[in-house]
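In short: position in the sequence shown from 1, add 268, done, that's this note's numbering.
A short worksheet on the structure shown next.
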Amino acid sequence: MSNLFKSLSVVSGVTSVSRVLGLLRDVLFFSCFGSSAIASAFILAFTLPNLFRRMLGEGTLSSAFIPVYAEQLQGNGLHPAHRILNQVLSRLGLFLLLLSLVVSLTSLYLPTSLNLAGKWLNGAYLNAIIFPYVLLICLSAILVGSLNTHRAFFAGAFSPVILNFCMIGSLILGKWWLDLDGMDLATCLCLGVLAGGLFQLAMPWLQLSKLKGWNWKPDFEGSEPLNQVKALFWVGAFGAAVAQVNVLVSRLLAYSLEDQSAVPYLFLSSRLIELPLGIFAIAISTVLFPEMARSSVSSDEKGFAGHFARGWRLTLALTLPATVGLAMLAEPILSVLFQWGRFGAGDVARASQVLVVASAALPFYALCSYLIKVFHSRRQMKPPLWAGILSLAVNLGLSLLLMERYGVIGLAWANVGAALFQALLLLLQLKPFSLRQYLKPSPFFLHATLLAPGAMAGGLWMLRSVVDFDPTRMGNLFTLCLFIPAGVLIQFVLLFICGLPEARQLGKRLWSTSSK
269 MSNLFKSLSV VSGVTSVSRV LGLLRDVLFF SCFGSSAIAS AFILAFTLPN
319 LFRRMLGEGT LSSAFIPVYA EQLQGNGLHP AHRILNQVLS RLGLFLLLLS
369 LVVSLTSLYL PTSLNLAGKW LNGAYLNAII FPYVLLICLS AILVGSLNTH
419 RAFFAGAFSP VILNFCMIGS LILGKWWLDL DGMDLATCLC LGVLAGGLFQ
469 LAMPWLQLSK LKGWNWKPDF EGSEPLNQVK ALFWVGAFGA AVAQVNVLVS
519 RLLAYSLEDQ SAVPYLFLSS RLIELPLGIF AIAISTVLFP EMARSSVSSD
569 EKGFAGHFAR GWRLTLALTL PATVGLAMLA EPILSVLFQW GRFGAGDVAR
619 ASQVLVVASA ALPFYALCSY LIKVFHSRRQ MKPPLWAGIL SLAVNLGLSL
669 LLMERYGVIG LAWANVGAAL FQALLLLLQL KPFSLRQYLK PSPFFLHATL
719 LAPGAMAGGL WMLRSVVDFD PTRMGNLFTL CLFIPAGVLI QFVLLFICGL
769 PEARQLGKRL WSTSSK
């Protein structure tokens, strides 16, 4: 338990720093661009490399690679493990280099020849500059996966911090030093992303070389472990691609609306949801995925079940209250963080409506992220694939049905419906766990994870009814400073009373620390 807390503390702590910097980055971004067409163009351009990053780097390739790497490391030692690492990096690097050239050149020249509208030309131009980032971040993600298998989590958690620093630096340099604006400033931001990618690749590269003696050697020979990675990857890649196509579809549909603010509002909601998702849910799956993979390799079903139940209850115990908080405090959060420069009070009011709806998807996104890792740790790639394909169909159908009447709000509801549908499909396919086991008090503690956020919502609603709040920015800041600690306290006390093991463990640590 102590090793779990230590690893989670490292990942969550550094991820928290990254998310705070990400919020600062977004504050600067929206103060520079507002909810303009150029803001929409950059967000859309950045979506495409992120799709490939999730599919080839942090997503399925990493999930297919880590169990095989762990098996080689556990059974044969460092040298065979490093060999499969070099084989994967060699093939991935060559493929992404060629892909980056094709996509960048196509983005530069094809839209012009097709006489597309100006906003599509801007998006394609920015994508031509920013797409090679996928080469750097995907190679970095494989190296980070290797470090995670060695229980070295810092480099992976710190990687987004590097990107955020570079993007913040490029905005400050471009806006306030070089006095750039519009597309020129957006171009500067794209170059900042590329610089961040170089540093993100360098850090795990140097750490793996220093800690484990890894040396980069191009290796295009075949091997049985490489065949295992390929077999796992090709099925799972489509599942990961489907998940990211969901995001791309929503943003493309939002970009097609006459409302030029639709993409920024949808993006802002996604970014705020990613804050608890990254700090809690993704940190949990990052730490527990190698543990479940090791248990699966050694056929330790009891150990696997224990790790799975721990990740399940932690995921719900942390993301459900975050969902309540985002929904109840949407307008104060957006006002305090983003009501600067070109992002005004009207933007806050409209964006908060999107956030209230979008926040309902948070626990389902978290469960999907965790359950996909559970399947991957057992080398079961097909269930996430089919769940992803069907959720894409649900998202597309609901989006087309709702966007005409409700605009971006309809797209947000479509995302919620698709996430719920995907989570249910994954749960139904997960064996050997049955619905009855989830409802038992232990080890899943579903009653505690549902009761605590409900009580928190009731407590915050009562607090809101008796305290008079000033609608100014300072008043909203006071609201957040009062409500967030109150919500955390209510949630923790209820989880502790209900007997959640991690809450009891944390309570004992806090008590022993305060007693010294």
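Beta carbons: idealized from backbone N, C-alpha and C, even for Gly.
Just so it is clear, the structure is predicted and the values come from calculations on it, not from any experiment.
**Q.** At least three beta-carbon pairs within less than 8 Å, the segment 649-658 to the segment 338-349
**A.** Touching, no, given that fewer than three Cβ pairs across the two stretches are closer than 8 Å.
Q. Distance, Cα to Cα, residue 629 vs residue 530?
A. Each residue's Cα considered, the two are about 18 Å apart.
Q. Secondary structure at residue 618, three-state DSSP: helix, strand or coil?
A. The three-state reading of DSSP puts residue 618 in helix, counting H, G and I together.
Q. How long is the line joining the alpha carbons of residue 528 and residue 303, rounded to whole angstroms?
A. Approximately 7 Å between the Cα atoms of the pair.
Q) How big is the Cα-Cα spacing for residue 766 and residue 690? A) Going by the C-alpha atoms only, they are around 29 Å apart.
Q) Where does the unbroken alpha helix (DSSP H) through residue 743 begin, and where does it stop? A) Note, residue 743: alpha helix (DSSP H), 741-765.
(Q) Determine whether the beta carbon atoms of residue 694 and residue 661 lie at a separation below 8 Å. (A) Taking the C-beta atoms as reference points, residue 661 is found no nearer than 8 Å to residue 694.
Q) Does DSSP classify residue 269 as helix, strand or coil? A) Confidence is the limiting factor: at residue 269 the pLDDT is only 48, short of 50, which leaves the residue's position unreliable, though a coordinate-based value still follows. The three-state secondary structure of residue 269, taken from DSSP, is coil.
**Q.** Assigned exposure category for residue 729 - 16 Cβ within 10 Å defines buried
**A.** Counting the other Cβ atoms within 10 Å of the Cβ of residue 729 gives fewer than 16, which makes it exposed.
**Q.** C-alpha distance - residue 418 paired with residue 476, whole-angstrom precision
**A.** If you take the alpha carbons of residue 418 and residue 476, they lie about 10 Å apart.
Q. For the 8 Å Cβ check, are there 3 or more pairs between the segment 465-481 and the segment 393-404?
A. Contact holds between the segment 465-481 and the segment 393-404, because three or more Cβ pairs, one in each stretch, are under 8 Å apart.
Q | Nearest-angstrom Cβ-Cβ length linking residue 719 and residue 706, presumed shorter than 8 Å | A | Contact doesn't hold; Cβ gap of about 15 Å is too wide.
Q.
Between residue 335 and residue 647, how many whole angstroms is the CB-CB distance? I'm expecting something under 8 Å.
A. Their Cβ separation, rounded to whole angstroms, is 6 Å, which keeps residue 335 and residue 647 in contact under 8 Å.
Q) Could you give the distance in angstroms between the alpha-carbon of residue 772 and the alpha-carbon of residue 571? A) Cα-Cα distance, rounded: 21 Å.
Q | Burial state of residue 704, where buried means 16 or more other Cβ atoms lie within 10 Å | A | Under this definition residue 704 is an exposed residue.
**Q.** Integer Cβ distance of residue 752 from residue 626, believed to fall under 8 Å
**A.** With 8 Å as the limit, residue 752 and residue 626 do not qualify as a contact, their Cβ atoms being about 19 Å apart.
Q: Measure from the alpha carbon of residue 472 to the alpha carbon of each residue in 420, 492 and 411, then state which is nearest.
A: Among 420, 492 and 411, the Cα nearest to that of residue 472 belongs to 411.
Q | Exposure of residue 770, with buried meaning 16 or more beta-carbon neighbours within 10 Å | A | By the Cβ-count criterion, residue 770 is buried, with 16 or more other Cβ atoms from all chains shown falling within 10 Å of its own Cβ.
Q | residue 680 to residue 366 span [Cα, whole Å] | A | Approximately 35 Å between the Cα atoms of the pair.
Q. According to the neighbour-count rule (16 or more other Cβ atoms, all chains shown, within 10 Å of its Cβ), is residue 613 buried or exposed?
A. Exposed, since its Cβ has fewer than 16 Cβ neighbours within 10 Å.
Q. Quick one, are the C-beta atoms of residue 634 and residue 545 less than 8 Å apart?
A. A contact, by the Cβ cut-off of 8 Å.
(Q) For the alpha helix (DSSP H) containing residue 604, name the first residue and the last one. (A) Where residue 604 is concerned, the enclosing alpha helix (DSSP H) stretches over 598-606.
Q | Burial state of residue 489 (16 or more Cβ within 10 Å) | A | It is exposed - the Cβ of residue 489 has fewer than 16 other Cβ atoms within 10 Å.
**Q.** Among 357, 288 and 311, the one whose alpha carbon lies nearest that of residue 497
**A.** Per the Cα distances, 357.
Q. Quick check: the segment 555-563 against the segment 588-607, are there 3 or more CB pairs under 8 Å?
A. Flag = no, the segment 555-563 and the segment 588-607 do not touch.
Q) Which of the three DSSP states, helix, strand or coil, is assigned to residue 400? A) Assigned with DSSP and collapsed to three states, residue 400 falls in coil, not helix or strand.
Q.
The alpha helix (DSSP H) that contains residue 473, what's its start and end?
A. Looking at the DSSP string, the run of the alpha helix (DSSP H) that includes residue 473 is 450-480.
Q. My guess is that residue 293 and residue 436 are in contact by the Cβ rule of under 8 Å, so how many angstroms apart are they, rounded?
A. Indeed they touch by this definition, with Cβ atoms about 5 Å apart.
Q.
Measuring straight from C-alpha to C-alpha, what distance separates residue 414 and residue 607?
A. Computed Cα separation, rounded: 41 Å.
Q: Note the first and the last residue of the continuous alpha helix (DSSP H) segment covering residue 735.
A: First-last for residue 735: undefined, no H or E at that position.
Q: For residue 755, collect the residues of the same chain with a Cβ closer than 7 Å to its Cβ; drop the 5 residues on either side in sequence, then sort them by chain order.
A: Here the set comprises 589, 593, 724 and 728.
**Q.** Minimum C-alpha distance to residue 664 - residue among 738, 640, 747 and 521
**A.** Taking only the C-alpha atoms, the option nearest residue 664 is 521.
Q) residue 644 lies in the alpha helix (DSSP H); which residues open and close that run? A) Annotation for residue 644: the continuous alpha helix (DSSP H) segment containing it runs 630-645.
Q) How is residue 390 classed by DSSP in three states: helix, strand or coil? A) In this structure, DSSP gives residue 390 a helical state, which the three-state scheme calls helix.
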